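Chemist:
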Amino acid sequence: MFTVNLAIMIPFLAAALVPLFRKRTLRIHIGWFVFLVPAALFVYLLSYIPSVSSGETFVHTIKWIPSFDINFTTYLDGLSLIFALLITGIGALVTIYSIYYLSSNENLKHFYAYLLLFMGAMLGVVFSDNMMVMYVFWELTSVSSFLLIAFWYHRKRSREGAQKSLLITVSGGFGILAGFLMLYAITGTMSIREVIHTVSVSSEHALFVPAMFLILLGAFTKSAQFPFHIWLPSAMEAPTPVSAYLHSATMVKAGIFLVARFTPVFGGEALWLYTVTSIGLITLFWGSFNAIRQTDLKALLAYSTISQLGMIMSMFGLGSAALQNGASSQSVFYTQAAFAAVFHLINHSTFKGALFMVVGIIDHELGTRDIRRLGGLASLMPITFTIATIGSFSMAGLPPFNGFLSKEMFFTSVLRILEFDATWQTWVNVIPYIAWIASVLTFVYCLLFVVKTFFGEYKEEKLEHPAHEAPYGMLFSPSILAVLVVLIFFFPNVLGEHLITPAMASVFPTIAGQADLGVHISQWHGFNTELFMTIGVVVAGIVLYLTLPYWKKVYQLFPEKWSFNQLYSNILEQTEKRSKAITNSYMTAYLQDYMTYIYLFFILAVGGLLISSGSYIIDIKQNNPISAFEWIIAISMMIAAISILFSKSRLTAILVNSFLGYGVAIFFVIFRAPDLALTQTVVETVTTVLFLAAYYFLPDWKKEKEHRRSKGLQMAISIAVGTIFTITALAVQNGKLFDSISSYYENSYELAGGKNIVNAILGDFRAFDTMLEVVVLLIAGIGIYAIINLKDRKGDAHIEDK
Numbered sequence: 001m002f003t004v005n006l007a008i009m010i011p012f013l014a015a016a017l018v019p020l021f022r023k024r025t026l027r028i029h030i031g032w033f034v035f036l037v038p039a040a041l042f043v044y045l046l047s048y049i050p051s052v053s054s055g056e057t058f059v060h061t062i063k064w065i066p067s068f069d070i071n072f073t074t075y076l077d078g079l080s081l082i083f084a085l086l087i088t089g090i091g092a093l094v095t096i097y098s099i100y101y102l103s104s105n106e107n108l109k110h111f112y113a114y115l116l117l118f119m120g121a122m123l124g125v126v127f128s129d130n131m132m133v134m135y136v137f138w139e140l141t142s143v144s145s146f147l148l149i150a151f152w153y154h155r156k157r158s159r160e161g162a163q164k165s166l167l168i169t170v171s172g173g174f175g176i177l178a179g180f181l182m183l184y185a186i187t188g189t190m191s192i193r194e195v196i197h198t199v200s201v202s203s204e205h206a207l208f209v210p211a212m213f214l215i216l217l218g219a220f221t222k223s224a225q226f227p228f229h230i231w232l233p234s235a236m237e238a239p240t241p242v243s244a245y246l247h248s249a250t251m252v253k254a255g256i257f258l259v260a261r262f263t264p265v266f267g268g269e270a271l272w273l274y275t276v277t278s279i280g281l282i283t284l285f286w287g288s289f290n291a292i293r294q295t296d297l298k299a300l301l302a303y304s305t306i307s308q309l310g311m312i313m314s315m316f317g318l319g320s321a322a323l324q325n326g327a328s329s330q331s332v333f334y335t336q337a338a339f340a341a342v343f344h345l346i347n348h349s350t351f352k353g354a355l356f357m358v359v360g361i362i363d364h365e366l367g368t369r370d371i372r373r374l375g376g377l378a379s380l381m382p383i384t385f386t387i388a389t390i391g392s393f394s395m396a397g398l399p400p401f402n403g404f405l406s407k408e409m410f411f412t413s414v415l416r417i418l419e420f421d422a423t424w425q426t427w428v429n430v431i432p433y434i435a436w437i438a439s440v441l442t443f444v445y446c447l448l449f450v451v452k453t454f455f456g457e458y459k460e461e462k463l464e465h466p467a468h469e470a471p472y473g474m475l476f477s478p479s480i481l482a483v484l485v486v487l488i489f490f491f492p493n494v495l496g497e498h499l500i501t502p503a504m505a506s507v508f509p510t511i512a513g514q515a516d517l518g519v520h521i522s523q524w525h526g527f528n529t530e531l532f533m534t535i536g537v538v539v540a541g542i543v544l545y546l547t548l549p550y551w552k553k554v555y556q557l558f559p560e561k562w563s564f565n566q567l568y569s570n571i572l573e574q575t576e577k578r579s580k581a582i583t584n585s586y587m588t589a590y591l592q593d594y595m596t597y598i599y600l601f602f603i604l605a606v607g608g609l610l611i612s613s614g615s616y617i618i619d620i621k622q623n624n625p626i627s628a629f630e631w632i633i634a635i636s637m638m639i640a641a642i643s644i645l646f647s648k649s650r651l652t653a654i655l656v657n658s659f660l661g662y663g664v665a666i667f668f669v670i671f672r673a674p675d676l677a678l679t680q681t682v683v684e685t686v687t688t689v690l691f692l693a694a695y696y697f698l699p700d701w702k703k704e705k706e707h708r709r710s711k712g713l714q715m716a717i718s719i720a721v722g723t724i725f726t727i728t729a730l731a732v733q734n735g736k737l738f739d740s741i742s743s744y745y746e747n748s749y750e751l752a753g754g755k756n757i758v759n760a761i762l763g764d765f766r767a768f769d770t771m772l773e774v775v776v777l778l779i780a781g782i783g784i785y786a787i788i789n790l791k792d793r794k795g796d797a798h799i800e801d802k
């Protein structure tokens with residue numbers, strides 16, 4: 001039976017097969033084969049809409065590590081279905097777009113393998129019911145996005161952007177891991193569904209609030225919320241198909257999904273409402289404020305994405321008021337904010353995906369995306385202009401585009417929260433003003449995008465290529481998204497009834513059984529406060545745009561040296577500097593220093609444990625007496641060991657050291673272990689020969705002696721280590737808590753068919769260990785072989801550091 005579990009695995013399987021394609025044997029672009037994966041999955045997921053819209057959910061479990069309550073359990077409901085359709089639907093359009101955007105000289109197999117890897121990871125995040133499985137996929141999205149952002153790794157800024165995104169998102173992922181473990185400690189289950197059912201009991205636990213903030217940390221970092229937003233503009237160095245996919249429709253929405261999924265768990269906490277709403281509103285304002293100052297179209301869209309994500313996040317925060325104490329009688333009243341959040345999430349994916357593709361077209365055809373070098377493109381690129389206008393005006397919240405509907409619902413949400421009986425009522429009263437000001441700034445940067453790019457003077461001398469319309473293949477995907485922007489405006493309730501309403505049942509399961517969470521979306525609400533706010537946005541936005549040269553100096557109050565980007569750079573620089581200094585302090589390139597550190601740690605750790613625990617109980621009465629011959633060998637070895645310290649040449653030290661090895665072999669003979677004696681003899685002989693063979697290449701003895709530590713310290717460390725080993729061995733012998741396991745291995749012939757106990761232990765009882773040791777050696781050998789035979793690939797000989 002084809003299940004969601006298999007749907008998650010298909011992109012991974014396809015990613016593994018992509019490198020096997022041979023360019024010479026393919027008559028069509030490899031992207032068309034990759035396109036089949038998201039397209040087929042999208043069609044498959046569409047088949048779930050009738051069932052999900054009727055309230056049905058689907059759970060499939062594959063046992064993985066049941067002893068730790070970790071199973072590959074997938075949960076398909078209204079919320080996960082919306083995200084999965086975005087992941088696969090936008091993924092299919094992005095794949096088509098990339099076929100015409102990327103050059104055939106690019107390493108396309110790597111690109112599509114990374115893209116499929118990311119697609120599978122995102123599907124794993126939205127479908128996972130087990131928290132540990134979700135965390136695995138969560139971090140995999142960070143790793144795969146790192147590979148995609150750094151696809152043009154010969155560019156320094158691409159490498160830096162990938163590094164920044166990885167450091168910030170993975171750091172937040174560690175917070176999620178800690179939060180999930182805390183929830184497991186509270187509830188005793190890894191299932192998100194079961195955690196939701198136990199929230200009434202678990203909310204009183206001391207770890208509940210810390211777990212909430214740690215999970216929010218991961219959500220905020222992934223969805224580029226303030227102050228973790230700095231990674232998103234830097235990630236714009238990725239190819240435009242990556243930006244259109246990861247940074248408008250999928251990866252940045254993962255944090256939104258996490259907040260929505262855990263709203264039933266933490267939404268009843270007032271701290272959840274205040275934190276999510278506050279961070280969302282700050283991000284909304286800060287993103288829109290900074291978008292206006294950008295001269296790179298992609299950077300402008302990056303900050304606009306930050307702003308829009310903040311808007312969606314704040315609406316989920318406002319929607320959690322439905323779960324607060326005192327709001328039960330008006331619970332449905334507040335759930336409509338979350339409904340608007342999901343609606344705008346879908347709308348944002350359509351218009352922002354189209355806008356990113358438009359910027360990619362401009363950059364691809366003209367050779368620049370600097371807004372200062374653009375202008376007058378409306379008549380030269382009419383289709384691109386039309387798509388850009390639709391996307392921009394939808395983002396600005398104008399009719400007849402879908403962004404207008406969700407923006408009006410956003411205004412409704414911020415006005416309704418004024419009726420909420422909040423502890424911080426003053427803070428609540430400020431929310432509508434922040435939302436309106438941010439919307440005005442949004443309108444301004446949307447005007448900048450359209451007017452500065454497509455109107456005014458055509459500056460051909462500043463372009464790398466004359467302006468011309470893009471190929472139809474490159475226009476296909478953004479055109480589809482632009483059509484959806486308009487269609488959703490006229491038929492919004494198709495989404496509302498069949499997708500968003502079932503998603504609300506997932507976000508508010510306790511309310512869903514008591515009331516209808518659906519909202520009828522209307523294009524006209526009459527002359528209400530929301531409409532007047534929109535009119536105010538348009539008027540104020542036009543005024544601010546026309547007076548931009550006069551008030552733009554306000555950005556001088558926020559110089560780059562005080563920015564969060566600079567703070568990140570300073571932290572990274574100082575961390576690297578301090579780390580290097582600390583590392584250089586103990587990485588001296590002298591083996592004797594490293595051995596000294598190891599033995600000192602051993603002395604302190606083991607010796608301290610023996611003393612603190614009082615475990616050094618020694619009783620040798622039952623031991624066999626030591627013969628005179630054994631005393632002679634032991635004393636001879638002691639003298640040889642001490643004499644190494646006083647050796648005048650390395651040759652003498654090597655020969656005396658070999659005496660110690662052969663002395664151990666003699667002890668094995670005395671103790672009736674001929675196989676060990678033979679092994680010791682062979683190893684010692686080979687080691688001595690290797691020492692002598694490498695004698696010529698070893699460092700100068702006199703120069704090395706200058707760095708050697710005092711003989712007294714070396715002797716003290718040697719004696720201390722030897723003493724601790726001896727005491728530990730004797731203490732273990734006299735402090736047995738259990739019967740010796742050696743009696744089990746005495747039956748090696750019956751259990752494993754081996755007459756030699758040692759061989760049976762190595763080859764049968766611990767066969768996996770032996771096998772893995774061999775595998776490690778094999779991997780090391782392959783790595784060494786690859787390094788030795790590594791050759792510069794075509795186009796990789798020079799690294800651009802500009």
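Counting from 1, one number per residue, gives the positions in the sequence shown under the UniProt record's numbering.
Beta carbons are placed, not taken as given, at the ideal position from N, Cα and C, and that holds for glycine.
Predicted, not measured: the structure shown is a model, and the values here were computed from it.
Among 724, 253, 276 and 649, which has the Cα closest to the Cα of residue 696?
Modeler: Position 696 of the sequence shown holds residue 696. That would be 649, whose Cα lies nearest to the Cα of residue 696.
Chemist: Tell me whether residue 296 sits in a helix, a strand or coil according to DSSP, three-state version.
Modeler: Along the sequence shown, one-based indexing puts residue 296 at 296. If DSSP states are grouped into helix, strand and coil, residue 296 belongs with the strands.
Chemist: Taking the Cβ atom as the reference point for each residue, do residue 15 and residue 92 lie within a distance shorter than 8 Å?
Modeler: Locating residue 15 in the sequence shown gives position 15, counting from the first residue. Locating residue 92 in the sequence shown gives position 92, counting from the first residue. Result no, Cβ atoms of residue 15 and residue 92 do not sit closer than 8 Å.
Chemist: For residue 21, I'd like the list of residues in its chain whose CB is within less than 8 Å of its CB, leaving aside the five on either flank, ordered along the chain.
Modeler: Position 21 of the sequence shown, counting from 1, holds the residue named residue 21. Closer than 8 Å at the Cβ level, and outside the excluded window around residue 21, lie 30, 33 and 109.
Chemist: Please go through the same chain and pick out, in chain order, the residues whose beta-carbon is closer than 8 Å to the beta-carbon of residue 152, but skip the five residues on each side of it.
Modeler: Start at 1 with the first residue of the sequence shown, and residue 152 comes out as number 152. Closer than 8 Å at the Cβ level, and outside the excluded window around residue 152, lie 158, 237, 238 and 239.
Chemist: Can you tell me which of the three DSSP states residue 129 falls into?
Modeler: For this step, residue 129 is matched to residue 129 along the sequence shown. Residue state, collapsed to three classes: coil.
Chemist: Roughly how many whole angstroms lie between the Cα atoms of residue 617 and residue 746?
Modeler: Start at 1 with the first residue of the sequence shown, and residue 617 comes out as number 617. Start at 1 with the first residue of the sequence shown, and residue 746 comes out as number 746. When rounded, the distance between both Cα atoms is 28 Å.
Chemist: By DSSP, does residue 62 sit in helix, in strand, or in coil?
Modeler: On the sequence shown, position 62 is the one that residue 62 refers to. Reduced to three states, the DSSP call for residue 62 is strand.
Chemist: Tell me the DSSP bridge mates of residue 71?
Modeler: As a position in the sequence shown, residue 71 is number 71, starting the count at 1. 63, per the DSSP bridge assignment.
Chemist: From the DSSP output, in three-state form, read off residue 155 for me.
Modeler: For the purposes of this step, residue 155 is taken as the residue at position 155 of the sequence shown. Reduced to three states, the DSSP call for residue 155 is strand.
Chemist: For a quick check, are the C-beta atoms of residue 79 and residue 413 less than 8 Å apart?
Modeler: Mapped onto the sequence shown, residue 79 falls at position 79. Mapped onto the sequence shown, residue 413 falls at position 413. Against a cut-off of 8 Å, the Cβ pair of residue 413 and residue 79 comes out as no contact.
Chemist: For my contact list, residue 214 and residue 175 are in at a C-beta cut-off of 8 Å; report their separation, rounded to the angstrom.
Modeler: As a working note, residue 214 is residue 214 in the sequence shown. As a working note, residue 175 is residue 175 in the sequence shown. Sure, about 4 Å apart at Cβ, within 8 Å.
Chemist: Please name the residue, chosen from 254, 597, 203 and 41, that lies closest to residue 219 on a Cα-to-Cα basis.
Modeler: Taking the first residue of the sequence shown as position 1, residue 219 is located at position 219. Cα-wise, what sits closest to residue 219 is 254.
Chemist: Does the stretch 516-528 touch the stretch 397-410, meaning 3 or more C-beta pairs lie closer than 8 Å?
Modeler: The answer is yes - the stretch 516-528 touches the stretch 397-410, with three or more Cβ pairs under 8 Å.
Chemist: So who's on the other strand from residue 76, going by DSSP bridges?
Modeler: Position 76 of the sequence shown, counting from 1, holds the residue named residue 76. Paired residue(s): 58.
Chemist: Roughly how many whole angstroms lie between the Cα atoms of residue 803 and residue 177?
Modeler: There is simply no residue 803 to check, as the chain begins at 1 and stops at 802 in what is shown.
Chemist: Helix, strand or coil: how does DSSP classify residue 370 here?
Modeler: In the sequence shown, residue 370 corresponds to position 370, counting from 1. Three-state result, residue 370: strand.
Chemist: Among 782, 126 and 64, which residue has its Cα nearest to the Cα of residue 8?
Modeler: Numbered from its first residue, the sequence shown carries residue 8 at position 8. Among 782, 126 and 64, the Cα nearest to that of residue 8 belongs to 126.
Chemist: Which residues does DSSP pair with residue 191 in a beta bridge?
Modeler: As a first step, residue 191 is located in the sequence shown; it is residue number 191 there, counting from the start. Per DSSP, 130.
Chemist: Does residue 626 come out as helix, strand or coil in the three-state DSSP assignment?
Modeler: Looking up residue 626 in the sequence shown gives position 626. Coil at residue 626, not helix or strand.
Chemist: Tell me whether the beta-carbon of residue 375 lies closer than 8 Å to the beta-carbon of residue 464.
Modeler: Here residue 375 refers to the residue found at position 375 of the sequence shown. Here residue 464 refers to the residue found at position 464 of the sequence shown. Their beta carbons are not under 8 Å apart, which means residue 375 does not touch residue 464 by this criterion.
Chemist: Put residue 619 into one of helix, strand or coil per three-state DSSP.
Modeler: In the sequence shown, residue 619 corresponds to position 619, counting from 1. Coil at residue 619, not helix or strand.
Chemist: What does the alpha-carbon distance come out to for the pair residue 50 and residue 762?
Modeler: For the purposes of this step, residue 50 is taken as the residue at position 50 of the sequence shown. For the purposes of this step, residue 762 is taken as the residue at position 762 of the sequence shown. Spanning the two alpha carbons is a distance of roughly 59 Å.
Chemist: Could you compute how far the alpha carbon of residue 287 sits from the alpha carbon of residue 66?
Modeler: For the purposes of this step, residue 287 is taken as residue 287 along the sequence shown, with counting starting at 1. For the purposes of this step, residue 66 is taken as residue 66 along the sequence shown, with counting starting at 1. If you take the alpha carbons of residue 287 and residue 66, they lie about 44 Å apart.
Chemist: Am I right that residue 354 and residue 482 are in contact with their C-beta atoms under 8 Å? What's the rounded C-beta distance?
Modeler: Residue numbering aside, residue 354 sits at position 354 when the sequence shown is read from its first letter. Residue numbering aside, residue 482 sits at position 482 when the sequence shown is read from its first letter. The pair is a contact, with the Cβ atoms about 5 Å apart (cut-off 8 Å).
Chemist: Could you give the distance in angstroms between the alpha-carbon of residue 18 and the alpha-carbon of residue 28?
Modeler: The residue given as residue 18 occupies position 18 in the sequence shown. The residue given as residue 28 occupies position 28 in the sequence shown. Cα to Cα, the separation comes out at about 14 Å.
Chemist: Compute the Euclidean distance between the alpha carbons of residue 495 and residue 235, then round it to the nearest angstrom.
Modeler: To locate residue 495, count along the sequence shown from 1; it is residue 495. To locate residue 235, count along the sequence shown from 1; it is residue 235. Approximately 31 Å, taken between the alpha carbons.
Chemist: Excluding sequence positions up to five away, which residues of its chain have a Cβ less than 8 Å from the Cβ of residue 552?
Modeler: The count along the sequence shown starts at 1 and reaches residue 552 at position 552. Cβ within range, chain order: 292 and 293.
Chemist: In angstroms, rounded to a whole number, what distance separates the CA positions of residue 170 and residue 278?
Modeler: Along the sequence shown, read from residue 1 onward, the residue named residue 170 stands at position 170. Along the sequence shown, read from residue 1 onward, the residue named residue 278 stands at position 278. Approximately 23 Å between the Cα atoms of the pair.
Chemist: Less than 8 Å separating the beta-carbons of residue 440 and residue 540?
Modeler: For the purposes of this step, residue 440 is taken as the residue at position 440 of the sequence shown. For the purposes of this step, residue 540 is taken as the residue at position 540 of the sequence shown. A contact, by the Cβ cut-off of 8 Å.
Chemist: DSSP three-state call for residue 482: helix, strand or coil?
Modeler: Locating residue 482 in the sequence shown gives position 482, where the first residue counts as 1. Helix.
Chemist: Look at the alpha carbon of residue 799 and the alpha carbon of residue 155, and state the distance between them as a whole number of angstroms.
Modeler: As a working note, residue 799 is residue 799 in the sequence shown. As a working note, residue 155 is residue 155 in the sequence shown. Any reading at residue 799 is ruled out, since the residue's pLDDT is 42, under 50, leaving its predicted position unreliable.
Chemist: Under 8 Å, with one C-beta from each stretch per pair, do the stretch 718-738 and the stretch 596-608 reach the 3-pair mark?
Modeler: Judged by Cβ distances under 8 Å, the stretch 718-738 makes contact with the stretch 596-608, as three or more pairs qualify.
Chemist: Residues in the same chain with beta-carbon distance under 7 Å from residue 345, minus the five sequence neighbours each way, listed in chain order, please.
Modeler: Looking up residue 345 in the sequence shown gives position 345. Counting only Cβ-Cβ distances below 7 Å, and skipping sequence neighbours, we find 253, 256 and 312.
Chemist: Closest to residue 417 by C-alpha separation, out of 95, 760, 205 and 336, would be which residue?
Modeler: Here residue 417 corresponds to residue number 417 of the sequence shown, with the count starting at 1. Ranking the options by Cα distance to residue 417, first place goes to 336.
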